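Trainee: Residue numbers (my numbering): 15 to 211.
Let me give you the structure first, and then I'll get to my questions.
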Ligand SMILES: [Zn+2]
């Protein structure tokens, strides 16, 4: 089993800092994406299955697990693990870091009006790679859920309309291959929205 990893995000350089080596940026991006997901998740203390892929390659094959995450408030920390290979650890000092998406708490007993948009995992990865997303849209992307062979974006219709606009804007700027993937995602979000309209 891989060793339990304890990291503080304030030990890592900000994304794009030219003084840090590429490997450090890669590690920061991995732990940072977990922190983005955990800080975007509106239910503290609730374990949830994120759509974030595991990074390990046991026996030369990419691990198929997706990370399970729980954020606690006292003390502020994020515990994460891969149910498939046992990789896991704890992340501290993520508050006010570049990866803190700013928690918008929703009491666990009040589920907001929500819409689900199932996507292929690779299409969600295309969304995660958009670096121009505003914070509310990034929250919607980072709280996608793992549902086995697919992943699910969810949120109130207003949030999904805003994400749809952002995806279309990104598609207009993208090269052909990426544009096709973004248009596929936009069509899936629009179809879900129109079903309830
Ligand atoms: Zn794994």
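The beta carbon of each residue, even a glycine, is placed where N, CA and C say it ideally should be.
The model shown is predicted, which means the values in this text are computed figures rather than measured ones.
1) Please specify which runs of the alpha helix (DSSP H), each continuous and at least 4 residues long, are wholly inside the segment 27-60, giving them in chain order.
2) Measure the alpha-carbon distance for residue 192 versus residue 107 and round it to whole angstroms.
3) Measuring only the C-alpha atoms, how far is residue 22 from residue 208?
4) With 16 other CB atoms within 10 Å as the buried threshold, where does residue 138 fall?
5) According to DSSP, simplified to helix, strand and coil, what is residue 117?
6) Does the distance between the C-beta of residue 101 and the nearest non-hydrogen atom of ligand 1 fall short of 7 Å?
7) Can at least three beta-carbon pairs, one atom from the segment 178-185 and one from the segment 156-169, be found at a separation below 8 Å?
8) Are the CB atoms of residue 199 and residue 136 nearer to each other than 8 Å?
9) Beta carbon of residue 27, beta carbon of residue 42: below 8 Å?
10) Taking the C-alpha atoms as reference points, what is the distance between residue 48 and residue 168?
11) With distances taken Cα to Cα, identify the nearest neighbour of residue 109 among 99, 94, 127, 89.
12) Exposed or buried, what is residue 78 when buried is set at 16 or more other beta-carbons lying within 10 Å of its beta-carbon?
13) Cβ-heavy atom distance between residue 79 and ligand 1 below 7 Å?
14) Rounded to whole angstroms, what's the CA-CA distance from residue 181 to residue 65? Just pull it up for me.
15) Shortest alpha-carbon distance to residue 170 belongs to which of 16, 148, 211?
16) Is the closest heavy atom of ligand 2 to the C-beta of residue 70 under 7 Å?
17) Look at the alpha carbon of residue 146 and the alpha carbon of residue 152, and state the distance between them as a whole number of angstroms.
18) When DSSP builds the beta bridges, which residues end up paired with residue 159?
Mentor: Short version:
1) 36-54
2) As a position in the chain shown, residue 192 is number 178, starting the count at 1. As a position in the chain shown, residue 107 is number 93, starting the count at 1. Rounded to the nearest angstrom, the two C-alpha atoms are 34 Å apart.
3) For this step, residue 22 is matched to residue 8 along the chain shown. For this step, residue 208 is matched to residue 194 along the chain shown. Going by the C-alpha atoms only, they are around 43 Å apart.
4) Start at 1 with the first residue of the chain shown, and residue 138 comes out as number 124. Buried: at least 16 other Cβ atoms inside 10 Å.
5) For this step, residue 117 is matched to residue 103 along the chain shown. Residue 117 falls in the coil class under three-state DSSP.
6) Your numbering for residue 101 matches position 87 in the chain shown. Answer for residue 101: yes, Cβ within range of ligand 1.
7) no
8) Here residue 199 refers to the residue found at position 185 when the chain shown is read from its first residue. Here residue 136 refers to the residue found at position 122 when the chain shown is read from its first residue. Contact flag unset, no.
9) Counting from 1 along the chain shown, the entry for residue 27 is found at position 13. Counting from 1 along the chain shown, the entry for residue 42 is found at position 28. Yes; because the gap between Cβ atoms is below 8 Å, this pair is in contact.
10) To locate residue 48, count along the chain shown from 1; it is residue 34. To locate residue 168, count along the chain shown from 1; it is residue 154. Going by the C-alpha atoms only, they are around 18 Å apart.
11) As a working mapping, residue 109 is identified with position 95 in the chain shown. Among 99, 94, 127, 89, the Cα nearest to that of residue 109 belongs to 89.
12) Position 64 of the chain shown, counting from 1, holds the residue named residue 78. That one is exposed.
13) Taking the first residue of the chain shown as position 1, residue 79 is located at position 65. Yes.
14) The residue given as residue 181 occupies position 167 in the chain shown. The residue given as residue 65 occupies position 51 in the chain shown. Their backbone Cα atoms lie some 18 Å apart in a straight line.
15) Taking the chain shown and counting its residues from 1, one reaches residue 170 at position 156. Of the candidates 16, 148, 211, the one whose C-alpha sits nearest the C-alpha of residue 170 is 211.
16) For the structure depicted, ligand 2 is absent and the ligand set comprises only ligand 1.
17) Residue 146 sits at position 132 when you count from the first residue of the chain shown. Residue 152 sits at position 138 when you count from the first residue of the chain shown. Using only the alpha carbons, I get a separation of about 9 Å.
18) Residue numbering aside, residue 159 sits at position 145 when the chain shown is read from its first letter. Beta-bridge pairing links residue 159 to 64, 166.
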